[in-house]
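A.B. asks: Quick note: the sequence shown uses the working numbering, first residue 137, plus one each step.
Provided herewith is a single structure, encoded as structure tokens, for subsequent inquiry.
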Amino acid sequence: MEILSTALGYVMNFCYKLLHDYGLAIILFTLISKIVLLPVSIWVQKNSIKMVKMQPDINRILIKHYGDKDEIAEEQSKLYKKEKYNPLASLIPLIIQIILLLGVVAVIKDGINEGVANMKFCGYDLTWITTKQWGLSIITPIIAGVSAWLLCVAQNASNVLQAEQSKLNKYGMMIFSVGLSLYLGCFVYAGVALYWTASNIFAILQLYLLNWAINPKNYVDYEALEETKKELAEIEALGTKKGKRNKEDIKREKADYKKFFSVVNKHLVFYSEGSGFYKYFKGIIEYILNNTNITIHYVTSDPDDQIFRIAEKESKIKPYYIGEKKLITLMMKMDADVVVMTMPDIENYHIKRSYIRKDINYVYVPHGMDSLNMTMRIGSMDHYDSVLCTGKIQKEEIEKTEEVYNLPKKELVEWGYSLLDEMREDYAKMPKKENDIKSILIAPSWQKDNIVDSCLEDILDNLKGHGYKITVRPHPQHVRHMPEKMEGLKERYKNDTDIEIQTDFSSNSTVFEADLMITDWSGIAYEYAYTTCKPVLFIDTPMKIMNPEYKKIGIEPLNIWMRYEIGRVLKLDEIDKTADTAAKMLAASDTYKDSIDRFVKEYVYNLGSSASVGAKYIIQEIQKAIKRHKEQE
137 MEILSTALGY VMNFCYKLLH DYGLAIILFT LISKIVLLPV SIWVQKNSIK MVKMQPDINR
197 ILIKHYGDKD EIAEEQSKLY KKEKYNPLAS LIPLIIQIIL LLGVVAVIKD GINEGVANMK
257 FCGYDLTWIT TKQWGLSIIT PIIAGVSAWL LCVAQNASNV LQAEQSKLNK YGMMIFSVGL
317 SLYLGCFVYA GVALYWTASN IFAILQLYLL NWAINPKNYV DYEALEETKK ELAEIEALGT
377 KKGKRNKEDI KREKADYKKF FSVVNKHLVF YSEGSGFYKY FKGIIEYILN NTNITIHYVT
437 SDPDDQIFRI AEKESKIKPY YIGEKKLITL MMKMDADVVV MTMPDIENYH IKRSYIRKDI
497 NYVYVPHGMD SLNMTMRIGS MDHYDSVLCT GKIQKEEIEK TEEVYNLPKK ELVEWGYSLL
557 DEMREDYAKM PKKENDIKSI LIAPSWQKDN IVDSCLEDIL DNLKGHGYKI TVRPHPQHVR
617 HMPEKMEGLK ERYKNDTDIE IQTDFSSNST VFEADLMITD WSGIAYEYAY TTCKPVLFID
677 TPMKIMNPEY KKIGIEPLNI WMRYEIGRVL KLDEIDKTAD TAAKMLAASD TYKDSIDRFV
737 KEYVYNLGSS ASVGAKYIIQ EIQKAIKRHK EQE
């Protein structure tokens, strides 16, 4: 330090002899130090750009391996080596600044002790220390703090690296820098504070000059950066939409996670996003429980899932509550023979196949009987080993997709739809009411430009007064997000005794008792028509397309042409024909009954026995896995 202060002393003396003003000498000294250190500043600029340039790749690593710290660290290390980036290098400028500051303190102190210079600057004594002098000297820490604040503002806006930090980091650093400057400004000579202030001002000028000379926009793909930041933020936000979890659920999740991995040789795992998904597994699970000794490990992200009540009566079901974030890690470390899910896009987003075992059979169970090609994203089935197909259209779509995109063949099981079998069985047991008054159920979807958003009131005005009992059963999301509109509808039609706006969804009786359904693109149309064999009047609102390449495989989606098989379609400019069309369809109810029944039997696999078909396939795959394990021992 003595050598450094001696060297800096020579520079300071030169500046003083040149300007004959110690304050100006300090400012010139500061400028000279910035010029001397310019190569380091250029290196820092390039290094910072390199870091931000890598950030999209880093974000992709965090997304792909979310929750797996070891894998993330390994992949980041590979990326740093590839880009020749050393994260510790960013400490070098800070170390230089600290050493330089200590040297300046020594130089100014020596100047004061030797009394060789006039320490007045603009009428202000540079030897003052605020904690000793007070009075006017209070300006010292204030000026130092303001300069630090200005530098932080500039860096938060324009520094290539700092601009990408979170608000917490930005403002946290600002508070720290300003606070430190205020604090140190009270205990150092005013001359040191002047150096600190000048250094901050020159740093701001240097920042903009370097951005002009080495513009980050020429090197960084900011579009990719924003896309990956958004995708990572979506993963970070998992579970927050449902509200903050209580301590009991967090503790319970931790215990269930540990319990899940304490069990070795797990043969079968089901994963459910919430309690409402059990109905898609129910038939298969009940068959397995009644006909085998297989233990079912049932993971759910719903702490109130009905599976916990079911498991109280069924010892062969082992339920686990795992939240959406923790699920990422659990799935990465999955160690079962067969995993059954209704969640598409495995491997494409945050939920991955197991890193531990490569021989797991991942089985996809559809939660709808419509087109997988149009209603699912591109590649949604690509990383499943098996798909339980509801009918021949789904099977043909997957086969054609594999052919067009040159994908590995999956096991396509001619399954059916267990939920439909259950609904048809329940409907057959329902007492049929003979009533001269025909009932019409209006059941809109929740997608954009649905019936509620576009034409519901026109439909009701056209239907009322024709002797029908009309029930509007909005989508649950309408009731949740548009309560005022629902109440407005109730108010508008309160005097129309033939119209009911129903917002209680506790029973399916209204759905099955209706003689005719009116909907747009809602999946409830299939359940209603396939169960009751009654017709559906479709309002041709804009179609929701999840896969923009759905035409590429050359198979027209079931969602489109099926509407003409189980009912009729009205365009939006034909709403005034609703009552006449409904009358004609109701009059032809017997014809529809026969044609829909034939349609269902042709296009849905294993009607009435799908549960056993799906269960037998899973049992067979478990037996294969057990045999494989024995052969490897």
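For every residue, glycine included, the Cβ atom is placed at its ideal position computed from N, Cα and C.
Return helix, strand or coil for residue 435, following the three-state DSSP convention.
C.D. replies: Translated into the one-based positions of the sequence shown, residue 435 becomes position 299. It is a strand residue.
A.B. asks: According to DSSP, is residue 323 helix, strand or coil?
C.D. replies: The residue given as residue 323 occupies position 187 in the sequence shown. Three-state DSSP puts residue 323 in coil, outside helix and strand.
A.B. asks: Just to confirm the assignment: which complete beta strand (DSSP E) runs, minimum length 3, are found wholly within the segment 479-554?
C.D. replies: 497-500, 522-525 and 547-550
A.B. asks: How would you label residue 737, buried or exposed, when you count the other beta carbons within 10 angstroms and need 16 or more for buried?
C.D. replies: On the sequence shown, residue 737 is found 601 positions in, with the first residue counted as 1. It counts as exposed.
A.B. asks: Report the start-end ranges of each beta strand (DSSP E) in the segment 651-692 that is 3 residues or longer and not cut off at the edges.
C.D. replies: Taking only runs of at least 3 residues, the beta strand (DSSP E) segments lying wholly in the segment 651-692 are 652-655 and 672-675.
A.B. asks: In the structure shown, what three-state DSSP assignment does residue 374 receive?
C.D. replies: Within the sequence shown, numbered from 1, the residue matching residue 374 stands at position 238. In the structure shown, residue 374 sits in coil (DSSP, three-state: anything other than H, G, I, E or B).
A.B. asks: To which residues of the same chain is residue 483 closer than 8 Å at the C-beta, ignoring the five residues directly before and after it?
C.D. replies: If you number the sequence shown from 1, residue 483 lands on position 347. Around residue 483: 489, 518 and 519.
A.B. asks: Quick one: any contact between the segment 211-223 and the segment 377-393, if contact means 3 or more CB pairs under 8 Å?
C.D. replies: no
A.B. asks: At which residue ranges does the segment 276-345 contain complete alpha helix (DSSP H) runs of 4 or more residues, listed in the order of the chain?
C.D. replies: Qualifying alpha helix (DSSP H) stretches, in chain order: 303-321.
A.B. asks: Is it the case that the Cβ atoms of residue 533 and residue 509 are separated by a distance below 7 Å?
C.D. replies: Residue numbering aside, residue 533 sits at position 397 when the sequence shown is read from its first letter. Residue numbering aside, residue 509 sits at position 373 when the sequence shown is read from its first letter. Contact flag set, yes.
A.B. asks: Contact check, residue 503 vs residue 416 under 8 Å by CB: the rounded distance?
C.D. replies: What you label residue 503 is simply residue 367 of the sequence shown in a count that begins at 1. What you label residue 416 is simply residue 280 of the sequence shown in a count that begins at 1. 5 Å between Cβ atoms; contact.
A.B. asks: Which same chain residues end up closer than 7 Å to residue 161 when comparing Cβ atoms and leaving out the 5 residues on each side of it in sequence?
C.D. replies: Here residue 161 corresponds to residue number 25 of the sequence shown, with the count starting at 1. Excluding residues up to 5 positions away in sequence, 148, 151, 152 and 155 lie with their Cβ nearer than 7 Å to the Cβ of residue 161 in the same chain.
A.B. asks: Quick check on DSSP: helix, strand or coil for residue 390?
C.D. replies: The residue labelled residue 390 in the question sits at position 254 within the sequence shown. Of the three classes helix, strand and coil, the one that applies to residue 390 here is helix, per DSSP.
A.B. asks: Going by beta-carbon coordinates alone, are residue 536 and residue 696 separated by less than 7 Å?
C.D. replies: Here residue 536 corresponds to residue number 400 of the sequence shown, with the count starting at 1. Here residue 696 corresponds to residue number 560 of the sequence shown, with the count starting at 1. The Cβ-Cβ distance between residue 536 and residue 696 does not fall below 7 Å.
A.B. asks: Return helix, strand or coil for residue 472, following the three-state DSSP convention.
C.D. replies: Residue 472 sits at position 336 when you count from the first residue of the sequence shown. Looking at residue 472 - three-state DSSP - the assignment turns out to be strand.
A.B. asks: Short of 7 Å in beta carbon distance, which residues of its chain neighbour residue 198, apart from the five on each side in sequence? Order them along the chain.
C.D. replies: One-based indexing of the sequence shown puts residue 198 at position 62. 208 and 368, listed in sequence order.
A.B. asks: Assign residue 647 to one of three DSSP states: helix, strand, or coil.
C.D. replies: Within the sequence shown, residue 647 is the residue found at index 511, counting from 1. In this structure, residue 647 counts as helix in the three-state DSSP scheme.
A.B. asks: Name, in chain order, the residues that DSSP records as bridge partners for residue 261.
C.D. replies: One-based indexing of the sequence shown puts residue 261 at position 125. Paired residue(s): 256.
A.B. asks: If I measure Cβ to Cβ from residue 181 and keep anything under 6 Å in the same chain, skipping five residues before and after, which residues do I get?
C.D. replies: Reading the sequence shown from its first residue, position 45 is the one you call residue 181. The residues are 346 and 350.
A.B. asks: Specify the secondary structure class of residue 769 as computed by DSSP and reduced to three states.
C.D. replies: The count along the sequence shown starts at 1 and reaches residue 769 at position 633. DSSP, read as helix, strand or coil, puts residue 769 in coil.
A.B. asks: On the CB-based measure, 16 or more other CB atoms within 10 Å of its CB, does residue 476 come out buried or exposed?
C.D. replies: Here residue 476 refers to the residue found at position 340 of the sequence shown. Here residue 476 is buried: its Cβ has 16 or more other Cβ atoms, across all protein chains shown, within 10 Å.
A.B. asks: Closer than 8 Å by C-beta to residue 394: which residues in its own chain qualify, once you throw out the five before and the five after it? Chain order, please.
C.D. replies: Residue numbering aside, residue 394 sits at position 258 when the sequence shown is read from its first letter. Same-chain partners within the cutoff: there are none.
A.B. asks: Just curious, the beta strand (DSSP E) that residue 455 is in, first and last residue?
C.D. replies: Here residue 455 refers to the residue found at position 319 when the sequence shown is read from its first residue. Note, residue 455: beta strand (DSSP E), 453-457.
A.B. asks: Excluding the 5 residues preceding and the 5 following residue 514 in the sequence, name in chain order all residues of the same chain whose CB lies nearer than 7 Å to its CB.
C.D. replies: On the sequence shown, position 378 is the one that residue 514 refers to. Within the same chain, residue 514 has close Cβ partners 683 and 685.
A.B. asks: Tell me the residue span of the beta strand (DSSP E) that contains residue 224.
C.D. replies: Your numbering for residue 224 matches position 88 in the sequence shown. Neither: residue 224 is in no beta strand (DSSP E) and is coded neither H nor E.
A.B. asks: On the three-state DSSP scale, how would you describe residue 636?
C.D. replies: Sequence index remark: in the sequence shown, residue 636 carries index 500 (1-based). If DSSP states are grouped into helix, strand and coil, residue 636 belongs with the strands.
A.B. asks: Enumerate in chain order the residues of its own chain whose CB-to-CB distance from residue 433 is below 6 Å, with the five nearest sequence positions on each side excluded.
C.D. replies: Along the sequence shown, read from residue 1 onward, the residue named residue 433 stands at position 297. These residues qualify, in order along the chain: 402, 405 and 454.
A.B. asks: Rounded C-beta distance between residue 711 and residue 671? I'm assuming under 8 Å.
C.D. replies: One-based indexing of the sequence shown puts residue 711 at position 575. One-based indexing of the sequence shown puts residue 671 at position 535. About 18 Å separates the two Cβ atoms, so there is no contact after all.
A.B. asks: For residue 419, which option in 763, 744 and 769 has the closest C-alpha, if you only look at C-alpha atoms?
C.D. replies: Start at 1 with the first residue of the sequence shown, and residue 419 comes out as number 283. Selected option, being the one with the closest Cα: 744.
A.B. asks: Between 568, 499 and 652, which lies nearest to residue 607 when the distance is taken from Cα to Cα?
C.D. replies: Looking up residue 607 in the sequence shown gives position 471. It is 652 whose Cα lies nearest to the Cα of residue 607.
A.B. asks: The alpha helix (DSSP H) that contains residue 725, what's its start and end?
C.D. replies: Looking up residue 725 in the sequence shown gives position 589. First-last of the alpha helix (DSSP H) with residue 725: 725-739.
A.B. asks: Return yes when the Cβ of residue 187 is within less than 7 Å of the Cβ of residue 297, no when it is not.
C.D. replies: Taking the first residue of the sequence shown as 1, we reach residue 297 at position 161. Taking the first residue of the sequence shown as 1, we reach residue 187 at position 51. Yes, they are a contact pair.
A.B. asks: Tell me, which residues are paired with residue 412 by DSSP?
C.D. replies: In the sequence shown, the residue the question calls residue 412 occupies position 276. Paired residue(s): none; residue 412 is not in a bridge.
A.B. asks: DSSP has residue 745 in a bridge; who is on the other side?
C.D. replies: The count along the sequence shown starts at 1 and reaches residue 745 at position 609. None, per the DSSP bridge assignment.
A.B. asks: Might you give, ordered along the chain, the residues of its own chain that have their beta carbon closer than 6 Å to the beta carbon of residue 773, omitting 5 neighbours on each side?
C.D. replies: The chain is shown from 137 up to 769; residue 773 falls before or after that span and cannot be answered.
A.B. asks: Taking the C-alpha atoms as reference points, what is the distance between residue 698 and residue 622?
C.D. replies: For this step, residue 698 is matched to residue 562 along the sequence shown. For this step, residue 622 is matched to residue 486 along the sequence shown. Near 30 Å, if we compare the C-alpha coordinates of residue 622 and residue 698.
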